[in-house]
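> Numbering (the numbering used here), first residue to last: 3 to 947.
From the three backbone atoms N, C-alpha and C, an ideal C-beta is built for every residue, glycine too.
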């Protein structure tokens, strides 16, 4: 390796480790293991700063031993070494180097989940530095200690304190002229600002980072800094910019022949491509990383990422070939956290391959997990063959070292396969293979004293027992894994095992193995899992990118399974307590979906009961479960009501797909009305008498899944559409609703419009007429065509606090925030950029946007969850209400509807929902626009008052 290449490799450790004065923040190996399969984040580094002169060789040796142990993932050993070094420095009265080592020690404790000693030693480090005389070396160590403290604070859910600490670190780095330290601490500030929801400040801070990096000449330092910056941009969800920056890092690394820099740039580009949903491009980047890699660990990271993508793309042949290649590599890797996490990562991919192969050969090896295939028979339980993880475990471990005593039994998966499988070829991949990988991980974790890694290994081993329905053993393993996760205060791991316990108990109840006395324990386990998830909202979305892609696999099912448990079929007397809990879980799921949509926690208002919002409104909460459609209804001052339709999820989805297709302009009433009558019968008919008796005027739907893409206004009772009887509104969640009526002061509107064709979107000739008619009704500031640029929109919103912003332009709603945008004259404005513009105005004026109108948008074709993008726009804009369209409709009818809407909105005592209803009825009553295609796609989200 060239001297420059060696410098780059050292630079990549700068954000990772002090040596002596460089503070460790992240190592190149996996530091946070995600559930199931990780698309590994490789954190770039920035070059070393000068070291403090050491007082004694013995202390220096312990520092280097600790550094080596930390970098190899042996955190308990690093603690021991650095504690020795700190004690030696203390005995010599060398407080500066003692403070430096204590800063490193705090991070090692953090990796082990030992927060109390971590906080104690960083406080001691900072206290020692306060007693030091002011000097450049003292300020350098102080900056690094502050960086460490900020990391600890953010990890413990203290983003405000972390931000202040990192601001102080930035100032200290500036004092000593450490440009790379300034860049690092600014990127850390961006993470804290993101968690706090200060998105305009996030962008401004990252702009500073970009400017500082661009001002540097091309060098290994710059390549490493750009790599770290690109990874940070991916973390905050700016994927296009992340790709651009990482490409720059790759170009510099290639020009300077930095072998390590080339490899990690390819790996990071693969991670960003994966985040963008460009799976084939991601595979190619990972292949380039493998081809250029000189590090076995980095090669394994890229191969594991590739393996997951092969499985997601159902490229089974390549997946199995690659799995065999990966399996052979573990024997040559040292035992450390990175290797253990790689084992767990690999085991999850093998489980999926095993299930696919088992299905092909007819084994019917299905699971109790969310991906289960209900129509395939499950194997009989496998007998237990012994106690402890001895060489009897799985019948094939005689040639491996025995792990420490372990109070769980083993099973011979191969020799005891059910008779029904005996006559077919046994799958090459089986639970035995996966279990052995995890057993070795357990052994290595015990030897390393790494309780996080041990918890993961134990819990996923318990999952294998769950797959084969050995409930007692699965439960024991899971309880041990949970105890370990809780002992190191790791809710990001604990929620997995709380959920697993809930599944195990529910499965035993469903099969009659456990009686109903286990029901409270099952509910409690699920509730604890959701409590852990709620405590992790910021951490999950801000630090575990892989959850964006496994949300529907690793998070969403927890909510749905708990609702199913609370509203058990056959239980005719579901208690009010259970109904209240189920409603809260449904609302929490809606919020979790939005967190996942943005890859960050949404700002929330205090939830308020519906009867305190509007006594004449009823809120309807449908939720699609695997075996039924459940509905909970909330009417003011009345007990919650509940009813269910016993249909499989596939049946419900099929009807919803047909219903959506029936909204084509050419579809007949004969095709459409029976479908909307069926939806009405599912959602509204069971409660229609109570609605009438309670004099309900507005129906508010908190829709689930594919229901979001169906216009509720078009539900049909056999005689009338729903909009002919009620005002209709949607809510992403009452937890994010600010229930205040629209001010009746004269309304002033900012209107932006695009009538000409731009960026491959067709012209909207009716926009000019729409804007002219709106101007004739209410005062309006207009930006049309060339005037309607993203900069002009931002300037107008900043200049005047318009209560209403109306955008008559093309736009798209998608289940992916990156593909949710509106079209300005000069470029696309993403949902996040729009939110930043509108929220910046709110921060200045302390006056939220009352109403955002998007009159020509549509949901993305082929995206069943695209309507989630509408809720995303509604929430991110900060608007109390959002009026949007599910599909782009006729220009003339849109103009007529919008003018009527504003006419009604200007009337006293007319709610936004009622104004929209009257506008829709005005179209419905005209023969040429009576088809729901014209009037039903307009939906009101948020505050309906």
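(1) Taking 8 Å as the cut-off, decide whether the C-beta atoms of residue 507 and residue 523 are in contact.
(2) What residue from 753, 206, 731 and 273 has the CA that sits closest to residue 191's CA?
(3) For residue 543, count neighbouring Cβ atoms within 10 angstroms of its own Cβ and tell me buried if that reaches 16, exposed if not.
(4) Determine the contact status of residue 881 and residue 872, defining contact as a CB-CB distance below 8 Å.
(5) At which residues does the beta strand (DSSP E) containing residue 297 begin and terminate?
(6) If you run the structure through DSSP and keep just helix, strand and coil, what is residue 446?
(7) Taking the straight line between their C-alpha atoms, what separation do you get for residue 257 and residue 112?
(8) Would you mind stating whether residue 718 and residue 699 have Cβ atoms separated by less than 8 Å?
(9) Residue 812: buried (16+ other C-beta within 10 angstroms of its C-beta) or exposed?
(10) Alpha carbon to alpha carbon, how far is residue 167 from residue 105? Give it in angstroms, no decimals.
(11) Could you give the DSSP three-state label for residue 928: helix, strand or coil?
(12) Cα separation between residue 432 and residue 861?
(13) Looking only at its own chain, which residues have a Cβ that is under 8 Å from the Cβ of residue 627, when we skip the five neighbours before and after it?
(14) Would you tell me roughly how many angstroms separate the C-alpha atoms of residue 247 and residue 238, rounded to the nearest one?
(15) Return yes when the Cβ of residue 782 is within less than 8 Å of the Cβ of residue 751, no when it is not.
(16) How should residue 452 be labelled, buried or exposed, when 16 other C-beta atoms within 10 angstroms of its C-beta is the threshold for buried?
(17) Below 8 Å, how does it come out for the stretch 687-703 and the stretch 654-667: are there three or more Cβ pairs, yes or no?
(18) Kindly give me the distance between the Cβ atoms of residue 107 and residue 61, rounded to whole angstroms, as I take these residues to be in contact under 8 Å.
(19) Is the beta carbon of residue 302 less than 8 Å from the beta carbon of residue 333?
(20) According to DSSP, is residue 728 helix, strand or coil?
(21) Report, in whole angstroms, the separation of the C-beta atoms of residue 114 and residue 77, which I expect to be a contact under 8 Å.
(22) Under a Cβ-count criterion, where at least 16 other Cβ atoms within 10 Å of its own Cβ denotes burial, should residue 725 be classed as buried or exposed?
(23) If I follow the unbroken beta strand (DSSP E) through residue 637, where does it start and stop?
(24) Could you spell out where the alpha helix (DSSP H) holding residue 950 opens and where it closes?
(25) To which residues of the same chain is residue 870 closer than 7 Å at the C-beta, ignoring the five residues directly before and after it?
(26) Along the beta strand (DSSP E) that carries residue 944, what are the first and last residues, could you check?
(27) Pull up the distance between the alpha-carbon of residue 103 and that of residue 140, whole angstroms please.
(28) Please classify residue 296: is it buried, with 16 or more other beta-carbons within 10 angstroms of its beta-carbon, or exposed?
(29) Can you give the Cα-Cα distance for residue 243 and residue 901, rounded to whole angstroms?
(30) How do the stretch 181-200 and the stretch 208-223 stand: do at least 3 beta-carbon pairs fall below 8 Å, yes or no?
(31) For a quick check, are the C-beta atoms of residue 483 and residue 464 less than 8 Å apart?
(32) What are the boundary residues of the beta strand (DSSP E) that residue 813 is part of?
(33) Rounded to the nearest angstrom, what separates residue 670 and residue 932 at their Cα positions?
(34) Just curious, the alpha helix (DSSP H) that residue 2 is in, first and last residue?
(35) Among 696, 713 and 896, whose alpha-carbon lies nearest the alpha-carbon of residue 681?
(36) How many angstroms separate the CA atom of residue 196 from the CA atom of residue 204?
In short, the structure shows the following:
(1) The sequence position of residue 507 within the chain shown is 505, counting from 1. The sequence position of residue 523 within the chain shown is 521, counting from 1. The answer is yes: Cβ separation under 8 Å.
(2) In the chain shown, residue 191 corresponds to position 189, counting from 1. If we check each option's Cα against that of residue 191, 206 comes out closest.
(3) Working through the chain shown from its first residue, we reach residue 543 at position 541. Its pLDDT being 46, under 50, residue 543 is placed unreliably in this model, and the value from its coordinates should be taken loosely. By the neighbour-count definition (other C-beta atoms within 10 Å, threshold 16), residue 543 is a buried residue.
(4) In the chain shown, the residue the question calls residue 881 occupies position 879. In the chain shown, the residue the question calls residue 872 occupies position 870. Contact check for residue 881 against residue 872 fails: the beta carbons are separated by 8 Å or more.
(5) As a first step, residue 297 must be located in the chain shown, where it is residue number 295. Annotation for residue 297: no beta strand (DSSP E) segment contains it, and DSSP assigns it neither H nor E.
(6) On the chain shown, position 444 is the one that residue 446 refers to. Of the three classes helix, strand and coil, the one that applies to residue 446 here is helix, per DSSP.
(7) The residue labelled residue 257 in the question sits at position 255 within the chain shown. The residue labelled residue 112 in the question sits at position 110 within the chain shown. C-alpha of residue 257 to C-alpha of residue 112: approximately 38 Å in a straight line.
(8) As a first step, residue 718 must be located in the chain shown, where it is residue number 716. As a first step, residue 699 must be located in the chain shown, where it is residue number 697. No, the pair does not count as a contact, with Cβ atoms beyond the cut-off.
(9) As a working note, residue 812 is residue 810 in the chain shown. By the Cβ neighbour-count rule, residue 812 is buried, with 16 or more other Cβ atoms within 10 Å of its own.
(10) Locating residue 105 in the chain shown gives position 103, counting from the first residue. Locating residue 167 in the chain shown gives position 165, counting from the first residue. If I take the Cα positions, the gap works out to 14 Å.
(11) For the purposes of this step, residue 928 is taken as residue 926 along the chain shown, with counting starting at 1. The answer is coil: DSSP assigns residue 928 none of H, G, I, E or B.
(12) Here residue 432 refers to the residue found at position 430 of the chain shown. Here residue 861 refers to the residue found at position 859 of the chain shown. Between the alpha carbons of residue 432 and residue 861 lies a gap of roughly 42 Å.
(13) Numbered from 1 along the chain shown, position 625 holds the residue referred to as residue 627. Excluding sequence neighbours, residue 627 sits near 562, 565, 566 and 651.
(14) On the chain shown, position 245 is the one that residue 247 refers to. On the chain shown, position 236 is the one that residue 238 refers to. Their Cα atoms are separated by approximately 14 Å.
(15) Counting from one through the chain shown, the residue named residue 751 turns up at place 749. Counting from one through the chain shown, the residue named residue 782 turns up at place 780. In contact: residue 751 and residue 782 (Cβ atoms closer than 8 Å).
(16) Against the chain shown, residue 452 aligns to sequence position 450. By the neighbour-count criterion, in which a residue is buried when 16 or more other Cβ atoms sit within 10 angstroms of its Cβ, residue 452 is buried.
(17) No contact exists between the stretch 687-703 and the stretch 654-667.
(18) Along the chain shown, read from residue 1 onward, the residue named residue 107 stands at position 105. Along the chain shown, read from residue 1 onward, the residue named residue 61 stands at position 59. With a contact defined as Cβ atoms closer than 8 Å, residue 107 and residue 61 miss out at about 13 Å.
(19) As a first step, residue 302 must be located in the chain shown, where it is residue number 300. As a first step, residue 333 must be located in the chain shown, where it is residue number 331. Not in contact: residue 302 and residue 333 (Cβ atoms no closer than 8 Å).
(20) Walking along the chain shown from the start, residue 728 turns up at place 726. Shown here, residue 728 sits in coil according to DSSP, grouped into three states, outside any helix or strand.
(21) For this step, residue 114 is matched to residue 112 along the chain shown. For this step, residue 77 is matched to residue 75 along the chain shown. Confirmed, Cβ separation roughly 5 Å.
(22) Here the question's residue 725 lines up with position 723 in the chain shown. By the 10 Å Cβ count, residue 725 comes out buried.
(23) Counting from 1 along the chain shown, the entry for residue 637 is found at position 635. Residues 630-637.
(24) Missing from the structure shown is residue 950; the chain here goes from 3 to 947 and no further.
(25) Taking the chain shown and counting its residues from 1, the one referred to as residue 870 is at position 868. The residues are 595, 599, 710 and 817.
(26) Against the chain shown, residue 944 aligns to sequence position 942. First-last of the beta strand (DSSP E) with residue 944: 940-944.
(27) Here residue 103 is taken as the residue at index 101 of the chain shown, counted from 1. Here residue 140 is taken as the residue at index 138 of the chain shown, counted from 1. Between residue 103 and residue 140, the alpha-carbon positions lie close to 13 Å from each other.
(28) Position 294 of the chain shown, counting from 1, holds the residue named residue 296. Burial is judged here by how many other beta carbons sit within 10 angstroms of a residue's own beta carbon; residue 296 has fewer than 16 and is exposed.
(29) For the purposes of this step, residue 243 is identified with residue 241 of the chain shown, where counting begins at 1. For the purposes of this step, residue 901 is identified with residue 899 of the chain shown, where counting begins at 1. Each residue's Cα considered, the two are about 39 Å apart.
(30) The stretch 181-200 is in contact with the stretch 208-223.
(31) As a first step, residue 483 is located in the chain shown; it is residue number 481 there, counting from the start. As a first step, residue 464 is located in the chain shown; it is residue number 462 there, counting from the start. Going by beta carbons, residue 483 and residue 464 fall inside the 8 Å limit.
(32) For the purposes of this step, residue 813 is taken as residue 811 along the chain shown, with counting starting at 1. According to the DSSP assignment, residue 813 belongs to the beta strand (DSSP E) that extends over 813-815.
(33) Start at 1 with the first residue of the chain shown, and residue 670 comes out as number 668. Start at 1 with the first residue of the chain shown, and residue 932 comes out as number 930. Taking the CA atoms as reference points, residue 670 sits about 12 Å from residue 932.
(34) Nothing in the structure corresponds to residue 2, since the chain is present only between 3 and 947.
(35) For the purposes of this step, residue 681 is taken as residue 679 along the chain shown, with counting starting at 1. Selection 696, 713 and 896 evaluated against residue 681 yields 713 as nearest (Cα-Cα).
(36) Indexing the chain shown from 1 puts residue 196 at position 194. Indexing the chain shown from 1 puts residue 204 at position 202. C-alpha separation (whole angstroms): 6 Å.
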